[in-house]
Amino acid sequence: MARWNPFSKSEKEPVEDAPAESSTTGVSSDNNQTEGDKPKKTGFFGGIKQALKKTVRVLNTDIRDLVKEEGRLVDDQFLEELFAHLIKTDMGNGPAGKIRDSIAKKYRARVVKMAEVIETAKETITEIMKQEAADIIMATEGPTVIMVVGVNGAGKTTSIAKLVNLFKKQGKSVVLGAGDTFRAAAVEQLTVWSQRMGAEIVTGRQGSDPASVAYKAVDTAVKTNADICIVDTAGRLQTQSNLMEELGRIGRVMKKVVPEAPHEVLLVLDSTAGQNAISQARGFSEAASCTGIVLAKLDGSAKGGVAIPIREEFGLPVKFVGLGETPEDFAPFDVQTYVDALFDVADDE
Ligand code: GDP
Ligand code: MG
Numbered sequence: 004m005a006r007w008n009p010f011s012k013s014e015k016e017p018v019e020d021a022p023a024e025s026s027t028t029g030v031s032s033d034n035n036q037t038e039g040d041k042p043k044k045t046g047f048f049g050g051i052k053q054a055l056k057k058t059v060r061v062l063n064t065d066i067r068d069l070v071k072e073e074g075r076l077v078d079d080q081f082l083e084e085l086f087a088h089l090i091k092t093d094m095g096n097g098p099a100g101k102i103r104d105s106i107a108k109k110y111r112a113r114v115v116k117m118a119e120v121i122e123t124a125k126e127t128i129t130e131i132m133k134q135e136a137a138d139i140i141m142a143t144e145g146p147t148v149i150m151v152v153g154v155n156g157a158g159k160t161t162s163i164a165k166l167v168n169l170f171k172k173q174g175k176s177v178v179l180g181a182g183d184t185f186r187a188a189a190v191e192q193l194t195v196w197s198q199r200m201g202a203e204i205v206t207g208r209q210g211s212d213p214a215s216v217a218y219k220a221v222d223t224a225v226k227t228n229a230d231i232c233i234v235d236t237a238g239r240l241q242t243q244s245n246l247m248e249e250l251g252r253i254g255r256v257m258k259k260v261v262p263e264a265p266h267e268v269l270l271v272l273d274s275t276a277g278q279n280a281i282s283q284a285r286g287f288s289e290a291a292s293c294t295g296i297v298l299a300k301l302d303g304s305a306k307g308g309v310a311i312p313i314r315e316e317f318g319l320p321v322k323f324v325g326l327g328e329t330p331e332d333f334a335p336f337d338v339q340t341y342v343d344a345l346f347d348v349a350d351d352e
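Read in the working numbering, the sequence shown has 200 at position 197, and its numbers run on one by one without any break.
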């Protein structure tokens, strides 16, 4: 299967066969952050920086107060205070502990400077979060089928609109499947997006079988030679085993049309849900064969560190982040850019 490099800026020439490493290192020049470069406030960096504003402000103010201009002696009290500040961002005890231990190992009984604390924190987090490229797994032939799953209100339907926007910018045609047949409003919401974005949509009556909507959507995508088919699903809890089983059934029905489908099962998590997002990730990744995570609502809270334990605990790559409510507020995820944004002290306005 080929891979779609979502960082590609070209509208007309999607990079379908980009080598895996190109999405993390060979990003477009706007986004490319090489060591020593002054970060730009445009592109992915600007967007994620803006979204992480509250987290960055809390983190940097805390660390600055802790270390002071002249630096700070690294003793047990300092290490304890540092840990307490780090976990406020929802990065979790594991990652915060690792940063504390790295600082202790390098600087114990010496005076540490702000820049050194930040450098160590960035190195430690980068190591924890490293992942394969964020590229979408693409079908080599026929439509690429993407299924979107998660709990109610996580941001599934909005993330689908954002994905359509990205694909459309690259000149790809999209068929949507309104697989959340549970609520009439959900079908309406997706229909409105499809009209705005110029994507075809397959719907079923309220209460109808979501697997049949998914089947028809994939079938329509094949018949119309569409590049992409994205199937929405009703929100469900990771603990509702019958509903989790239904996701498996939807996937199996798609296979009748396209044997490799779904090429991607994207789990949408609400970043503001904190520890709850982590248990959702656990439940869904076990039951729904997810292939990647969309971290929605990374804006809007001071808990933007939640991406760290999500990467630490699960083998699943974070593929996209939601940075607001409009279709433009979306970005492919890149670890280095995220870590740079989280600790960007150059100007935290
Ligand atoms: P679904 O139930 O999982 O389909 O969730 P929806 O896509 O309907 O989104 C639920 C609410 O979250 C809506 O009000 C969206 O506008 C909002 N939302 C979704 N993604 C984001 C995001 O990245 N940032 C913000 N701030 N709001 C979002
Ligand atoms: Mg929805």
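Heads up, the beta-carbon is just placed ideally off N, CA and C, and yes, glycines get one too.
Just to confirm before moving on: does the CB-CB distance between Leu193 and Leu179 stay below 8 Å? Numbered from its first residue, the sequence shown carries residue 193 at position 190. Numbered from its first residue, the sequence shown carries residue 179 at position 176. Yes, they are a contact pair.
Taking 8 Å as the limit between beta carbons, can you name the residues of its chain near Thr227, skipping five residues before and five after? Translated into the one-based positions of the sequence shown, residue 227 becomes position 224. Answer for Thr227: Ser176, Val178 and Glu203, listed in chain order.
In chain order, what residues of the same chain have a beta carbon less than 7 Å from the beta carbon of Ser304, not counting five sequence neighbours either side? Indexing the sequence shown from 1 puts residue 304 at position 301. Within the same chain, and ignoring the five residues on either side of Ser304 in sequence, the residues whose Cβ sits closer than 7 Å to its Cβ are Lys57, Ser274 and Thr275.
Secondary structure of Pro312, DSSP reduced to three states: Start at 1 with the first residue of the sequence shown, and residue 312 comes out as number 309. Here Pro312 carries a helix assignment [DSSP, helix/strand/coil].
In chain order, what residues of the same chain have a beta carbon less than 6 Å from the beta carbon of Ala290, not counting five sequence neighbours either side? For this step, residue 290 is matched to residue 287 along the sequence shown. The answer, listed in chain order, is Met247.
Any heavy atom of the ligand MG within a distance shorter than 7 Å of the CB on Ala136? Taking the first residue of the sequence shown as 1, we reach residue 136 at position 133. No, since every heavy atom of the ligand MG falls outside the 7 Å radius drawn around the Cβ of Ala136.
Looking at the ligand GDP, does it come within less than 7 Å of Thr161, judged from the CB to the closest heavy atom? Counted from its first residue, the sequence shown places residue 161 at position 158. Yes; taking the cut-off as 7 Å, the Cβ of Thr161 has a heavy atom of the ligand GDP nearer than that.
Going by DSSP, what residue range makes up the beta strand (DSSP E) through Lys322? The residue labelled residue 322 in the question sits at position 319 within the sequence shown. That run of the beta strand (DSSP E) goes Val321 to Gly325.
Given the structure, does Ala220 come close to the ligand MG, in the sense that its CB is under 7 Å from one of the ligand's heavy atoms? Within the sequence shown, residue 220 is the residue found at index 217, counting from 1. No, Cβ of Ala220 sits at least 7 Å from all heavy atoms of the ligand MG.
Do you know whose CA, among Leu272, Lys306 and Gly308, lies nearest Ala299's CA? Start at 1 with the first residue of the sequence shown, and residue 299 comes out as number 296. The residue from Leu272, Lys306 and Gly308 with its alpha-carbon nearest to that of Ala299 is Leu272.
Helix, strand or coil, according to DSSP, for Ala334 in the structure here? Residue numbering aside, residue 334 sits at position 331 when the sequence shown is read from its first letter. It is a strand residue.
Tell me the DSSP bridge mates of Val61? Here the question's residue 61 lines up with position 58 in the sequence shown. Val61 pairs with nothing; no bridge assigned.
Three-pair Cβ contact test at 8 Å for the stretch 327 to 339 versus the stretch 125 to 136: Touching, per the Cβ criterion.
Please classify Thr340: does DSSP put it in a helix, a strand, or coil? Position 337 of the sequence shown, counting from 1, holds the residue named residue 340. Helix at Thr340.
Straight-line gap, Gly201 to Val77 (C-alpha atoms, nearest Å): Your numbering for residue 201 matches position 198 in the sequence shown. Your numbering for residue 77 matches position 74 in the sequence shown. Distance between the alpha carbons of Gly201 and Val77: 58 Å.
Please find out if some non-hydrogen atom of the ligand GDP comes closer than 7 Å to the beta-carbon of Leu326. By one-based count along the sequence shown, residue 326 stands at place 323. For the ligand GDP, at least one heavy atom lies less than 7 Å from the Cβ of Leu326.
Only counting the same chain, and skipping five residues up and downstream in sequence, which positions put a Cβ closer than 6 Å to that of Gly318? Position 315 of the sequence shown, counted from the start, is the residue given in the question as residue 318. Cβ within range, chain order: n/a, list empty.
Since Leu240 and Val154 should fall inside the 8 Å C-beta cutoff, what is the C-beta to C-beta distance between them, to a whole number of angstroms? As a working note, residue 240 is residue 237 in the sequence shown. As a working note, residue 154 is residue 151 in the sequence shown. Contact holds; Cβ gap of about 6 Å.
Only counting the same chain, and skipping five residues up and downstream in sequence, which positions put a Cβ closer than 6 Å to that of Trp196? In the sequence shown, counting from the first residue as 1, residue 196 sits at position 193. Apart from the 5 residues on each side of it in sequence, Trp196 sits with its Cβ closer than 6 Å to the Cβ of Ala164 in its chain, given in chain order.
Residue burial classification, Gly308 (beta-carbon count within 10 angstroms, cutoff 16): Taking the sequence shown and counting its residues from 1, one reaches residue 308 at position 305. Under this definition Gly308 is a buried residue.
In chain order, what are the residue ranges of uninterrupted alpha helix (DSSP H) at least 4 long that sit wholly in the stretch 171 to 240? Whole alpha helix (DSSP H) segments, 4+ residues: 187 to 200 and 213 to 226.
Taking 8 Å as the CB-CB cut-off, is Val256 touching chain C? Among the chains of the structure shown, chain C does not appear; only one protein chain is present.
Could you tell me which whole alpha helix (DSSP H) segments of length 4 or greater appear in the stretch 262 to 315? Fully enclosed alpha helix (DSSP H) runs of 4 or longer: 278 to 290.
Going straight from the alpha carbon of Gly207 to that of Arg255, what length do you get? Within the sequence shown, numbered from 1, the residue matching residue 207 stands at position 204. Within the sequence shown, numbered from 1, the residue matching residue 255 stands at position 252. Approximately 18 Å between the Cα atoms of the pair.
Can you tell me whether Glu249 is buried or exposed? The criterion is at least 16 other CB atoms within 10 Å of its CB, across all chains shown. The residue labelled residue 249 in the question sits at position 246 within the sequence shown. In the assembly as shown, Glu249 is a buried residue. Its beta-carbon has 16 or more other beta-carbons within 10 Å.
When Asp235, Val151 and Ile128 are compared against Gly182, the one with the closest alpha-carbon: Walking along the sequence shown from the start, residue 182 turns up at place 179. For the set Asp235, Val151 and Ile128, the Cα lying nearest the Cα of Gly182 is the one of Asp235.
Taking 7 Å as the line, does the beta carbon of Ala299 fall inside it for any heavy atom of the ligand GDP? As a first step, residue 299 is located in the sequence shown; it is residue number 296 there, counting from the start. Answer for Ala299: yes, Cβ within range of the ligand GDP.
Just to confirm, is the Cβ distance from Ile139 to Glu267 under 8 Å? Locating residue 139 in the sequence shown gives position 136, counting from the first residue. Locating residue 267 in the sequence shown gives position 264, counting from the first residue. Cβ atoms of Ile139 and Glu267: closer than 8 Å.
Arg103 by DSSP, collapsed to three states: which one? The residue given as residue 103 occupies position 100 in the sequence shown. Correct three-state label for Arg103: helix.
Alpha helix (DSSP H) containing Met150: first to last residue? By one-based count along the sequence shown, residue 150 stands at place 147. Annotation: Met150 is outside any alpha helix (DSSP H); the continuous beta strand (DSSP E) that includes it extends over Thr147 to Val152.
Heavy atom of the ligand GDP within 7 Å of Asn63 beta-carbon: By one-based count along the sequence shown, residue 63 stands at place 60. Set against 7 Å, the gap from the CB of Asn63 to the closest heavy atom of the ligand GDP is not smaller.
Apart from the five residues on each side of it in sequence, which residues of its chain come closer than 7 Å, Cβ to Cβ, to Thr123? Here residue 123 is taken as the residue at index 120 of the sequence shown, counted from 1. So the qualifying residues of the chain are Ile102, Ser105, Ile106 and Lys109.
Thinking C-alpha only, which one of Arg252, Val261, Phe185 and Pro320 is nearest Leu269? Indexing the sequence shown from 1 puts residue 269 at position 266. Taking only the C-alpha atoms, the option nearest Leu269 is Pro320.
Three-state secondary structure assigned by DSSP to Arg252: Here residue 252 refers to the residue found at position 249 of the sequence shown. Residue state, collapsed to three classes: helix.
Beta-carbon proximity check, Pro146 vs Ala214, cutoff 8 Å: Counting from one through the sequence shown, the residue named residue 146 turns up at place 143. Counting from one through the sequence shown, the residue named residue 214 turns up at place 211. No. Outside cutoff.
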